[in-house]
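Peer 1: Okay, so the sequence shown: first residue is 12 according to the numbering used here, each after it adds one. Ideal Cβ positions, reconstructed from N, Cα and C, are used throughout, including at glycine. Have a look at this one before I ask anything.
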Amino acid sequence: MEFLQIPWSVLLQFNNTVSIVIFIAVFTLIFDFMKRRKVSNRYPPGPWALPFLGNLLQIGIKNRHICLTELSKKCGDIYSLQIGWGNVVVINGFKATKEILIKKSEDCADRPVIPLIEVLGYTNNREGVVLAHYGRSWKEQRRFTLSTLRNFGLGKKSLEDRIIEEARFVCNEFQTKKGQPFDAHFIINNAVSNVICSIIFGQRFDYEDKKFLELLHLFEENLKVLSGVWAEMLNIIPWAAHLPGPHQQIFKVQRKMKEFLLAYIKQHKDTWDPSEKRDFIDAFITEMEKVKDDPGSSFNEENLMHTTLDVFIAGTETTSTTLRWALLFMLIYPAIQSKVQEEIDRVVGKNRSPKLDDRMNMPFTDAVIHEVQRYGDILPIGPPRKTIRDIDVMGFFLPKGTTILPNLSSVLKDETVWEKPLEFYPEHFLDNNGKFVKREAFLPFSAGHRICLGEQLARTELFIFFTTMMQQFTFHIPDSEPKPSTDSCFMSTLAPTPFKICAKLR
12 MEFLQIPWSV
22 LLQFNNTVSI
32 VIFIAVFTLI
42 FDFMKRRKVS
52 NRYPPGPWAL
62 PFLGNLLQIG
72 IKNRHICLTE
82 LSKKCGDIYS
92 LQIGWGNVVV
102 INGFKATKEI
112 LIKKSEDCAD
122 RPVIPLIEVL
132 GYTNNREGVV
142 LAHYGRSWKE
152 QRRFTLSTLR
162 NFGLGKKSLE
172 DRIIEEARFV
182 CNEFQTKKGQ
192 PFDAHFIINN
202 AVSNVICSII
212 FGQRFDYEDK
222 KFLELLHLFE
232 ENLKVLSGVW
242 AEMLNIIPWA
252 AHLPGPHQQI
262 FKVQRKMKEF
272 LLAYIKQHKD
282 TWDPSEKRDF
292 IDAFITEMEK
302 VKDDPGSSFN
312 EENLMHTTLD
322 VFIAGTETTS
332 TTLRWALLFM
342 LIYPAIQSKV
352 QEEIDRVVGK
362 NRSPKLDDRM
372 NMPFTDAVIH
382 EVQRYGDILP
392 IGPPRKTIRD
402 IDVMGFFLPK
412 GTTILPNLSS
422 VLKDETVWEK
432 PLEFYPEHFL
442 DNNGKFVKRE
452 AFLPFSAGHR
462 ICLGEQLART
472 ELFIFFTTMM
482 QQFTFHIPDS
492 EPKPSTDSCF
502 MSTLAPTPFK
512 ICAKLR
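In C-alpha cells, the structure reads:
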C-alpha cells in the first residue's frame with residue numbers, strides 16, 4: 012500500500028525517465044545495427060559480433076595475428092570483422108593476399124582514417140609517407156623519399172661502406188664485454204638507427220650518447236603504448252584523448268620524440284645552405300623552398316616532421332628486431348650457427364669484411380636470414396589498406412572505402428606453401444642442390460603499392476650486420492642463464508623477449 016502513497020508527479024517523472032532510457036537504448040541499438048549492415052550479399056561473412064564492441068574481445072590485442080589466423084580456419088581466408096562500429100575485411104593466406112595486395116595493388120592502395128593517428132597529429136591522413144591517403148601528398152612524399160635515399164647512397168657502394176663501418180662498431184662494442192653476459196638489444200638498435208640517422212641527420216651517434224639512447228628508449232616505449240589497450244580505446248573513443256588517465260602517456264612519449272626531431276630540424280634550418288644538401292632534412296627544406304608558392308604542395312612543415320619520423324621508424328624498428336631474432340636463433344640452433352660460420356670462412360675469410368656481393372656465393376647464410384624473417388614474423392599484421400574503388404575478389408564484393416587488414420603472419424606460416432611453417436627451417440629457401448631459392452610467399456615487407464619503402468635498405472643491413480657478427484664471434488647462452496624463450500612481445504612488431512648472450516671472439 013506504500014506504493015499507492017507515492018505522488019503521481021513522482022511516478023510520472025519516473026516513467027518519463029524510463030521511457031527516455033529505453034528510447035536511447037533502442038535508438039543506439041538501431042544505430043549500431045545500421046552501422047554493421049552488410050552492403051551486399053556478396054560481402055565477406057564473419058563471426059557473430061557484440062553490439063558496440065564488435066569482435067574486439069574475440070581478436071584480443073597481444074596475439075591478434077594468431078586469433079585472426081584461427082578465425083580463418085572457421086570463416087575462410089577472406090572474412091569480415093566489426094571493430095567497434097567499423098567494418099574490416101581480413102585477408103589470410105598467400106592465395107588471398109596475392110590476389111588483393113599484388114594483383115589488385117592499386118585498387119587497395121589507400122589508407123583508412125585511424126582515429127588514434129589523427130589524435131596524435133596526422134590530420135586528414137595527409138602527413139607522412141606511411142599512413143597518408145593515396146593521393147598527391149603520398150605520391151610526392153614516397154617519390155621524394157625513395158629518390159633522396161638513393162641520392163644519399165641507397166643501392167650504392169657509399170651506403171654499403173657506411174653499413175660495413177657500423178657493423179665494425181657493433182663488433183667493437185661486443186668485444187668490450189670480454190665474453191661476459193650482456194643484452195645486445197640497444198647496441199643493435201643504436202647501430203641500425205645510426206645507418207638511417209647518417210642519411211636523415213647527416214651523422215651517427217656514439218653508443219654511449221645519452222641523448223640518443225633516450226630517443227631509442229622513447230621509441231621503444233612508443234611502440235609499447237601504441238600497441239596496448241589504451242591505444243585501442245582511443246581508436247574506439249577518440250574524444251577520450253581530452254580526459255586524464257594512463258592513456259596520456261601515449262601523448263607524452265609522442266611529444267618527446269617530436270621535440271627531439273624538431274631540435275634537429277631547427278638546427279638544419281639555421282644552417283641550411285641551398286648549394287649543399289647534407290642529408291634528408293636539407294633535401295626536404297630545399298624542396299619546400301622550391302614549391303613555397305604552391306599551396307597544394309605536400310612539402311610543408313608538418314610533412315617535414317612526419318615524413319622524417321616515418322623514415323626513421325621504417326629504417327630502424329623491423330631491421331633491429333630481425334637482427335635480435337637472428338642472434339636468438341643462433342643461440343638456440345648452434346649447429347646452424349656453425350654452418351653459417353663455415354660458409355663465411357670459405358667465401359669471405361677472416362681478414363676482410365663481408366660485402367653485399369658475397370651474398371650470391373653464400374646461399375645457406377642468405378637462407379638463414381630469410382628464415383629468421385619468416386619464422387620471426389616481425390610484422391605480423393600489415394598496416395591497414397582501403398579500397399579506392401569497388402572490387403570483386405575470389406567471389407566476394409568489396410565496395411569502395413572498405414578497410415582491409417592483411418594478416419601477413421598467415422602468409423609467412425601458410426601450411427599450403429611452407430614445408431615446415433611452424434619450425435625454424437632454413438631449407439625453405441634452398442633447392443635440392445643447396446642453391447638459394449626465392450619464395451613467392453615471402454612477404455615480410457608486405458606487397459604492392461604500399462610495400463615497405465625501407466625494404467632495400469633492410470635487406471642490405473641484415474646481410475652485412477649478420478655476416479659480420481657471425482664472422483667475428485661465436486654466440487652462446489650464458490652458463491648462468493636458462494635457455495632463452497622464443498616467445499615474443501607484441502609492440503606493433505613481434506620482438507623477442509629480453510635475453511642475454513655471450514660473444515666469444517673467434
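1. Using only the alpha-carbon positions, how far apart do residue 291 and residue 223 sit?
2. By alpha-carbon positions, which one of 57, 56, 75, 54 ends up nearest to residue 420?
3. Measuring CB to CB, does residue 121 end up less than 8 Å from residue 145?
4. Taking the straight line between their C-alpha atoms, what separation do you get for residue 153 and residue 493?
5. Is it true that the region 458 to 471 meets the region 297 to 313, where meeting means three or more beta-carbon pairs spaced less than 8 Å apart?
6. Do you know how far the Cα of residue 488 is from the Cα of residue 238?
7. Give the DSSP-derived three-state secondary structure of residue 9 in the structure shown.
8. When the Cα of residue 381 is compared with those of 428, 417, 435, which residue comes out closest?
9. How long is the line joining the alpha carbons of residue 351 and residue 360, rounded to whole angstroms?
10. Just to confirm, is the Cβ distance from residue 66 to residue 102 under 8 Å?
11. Quick check on the burial criterion: 16 or more other C-beta atoms within 10 angstroms. Buried or exposed for residue 158?
12. How is the beta strand (DSSP E) around residue 409 delimited, first residue to last?
13. Could you pull out every unbroken alpha helix (DSSP H) segment of at least 4 residues lying fully inside the region 414 to 460, listed in chain order?
14. With burial defined as no fewer than 16 other Cβ atoms inside 10 Å of the residue's Cβ, what is the status of residue 496: buried or exposed?
15. For the beta strand (DSSP E) that contains residue 99, what are its first and last residues?
16. Any idea what DSSP makes of residue 512, helix, strand or coil?
17. With 16 other CB atoms within 10 Å as the buried threshold, where does residue 326 fall?
18. Measuring CA to CA, which of 115, 270, 138, 61 is closest to residue 400?
19. Taking the alpha-carbon of residue 193 as reference, which of 177, 512, 319 has the nearest alpha-carbon?
20. Where does the unbroken alpha helix (DSSP H) through residue 90 begin, and where does it stop?
21. Alpha carbon to alpha carbon, how far is residue 460 from residue 396?
22. At the level of alpha carbons, what is the spacing between residue 207 and residue 406?
23. Take every Cβ of the region 180 to 191, pair it with every Cβ of the region 446 to 455, and state whether three or more of those distances are shorter than 8 Å.
Peer 2: In brief:
1. 18 Å
2. 75
3. yes
4. 45 Å
5. no
6. 30 Å
7. What the structure shows of the chain is the stretch from 12 to 517, and residue 9 is not part of that stretch, so it cannot be assessed.
8. 435
9. 12 Å
10. no
11. exposed
12. 407 to 409
13. 419 to 423
14. exposed
15. 97 to 102
16. strand
17. buried
18. 115
19. 512
20. That residue, residue 90, is in no alpha helix (DSSP H); its beta strand (DSSP E) goes 89 to 94.
21. 10 Å
22. 43 Å
23. no
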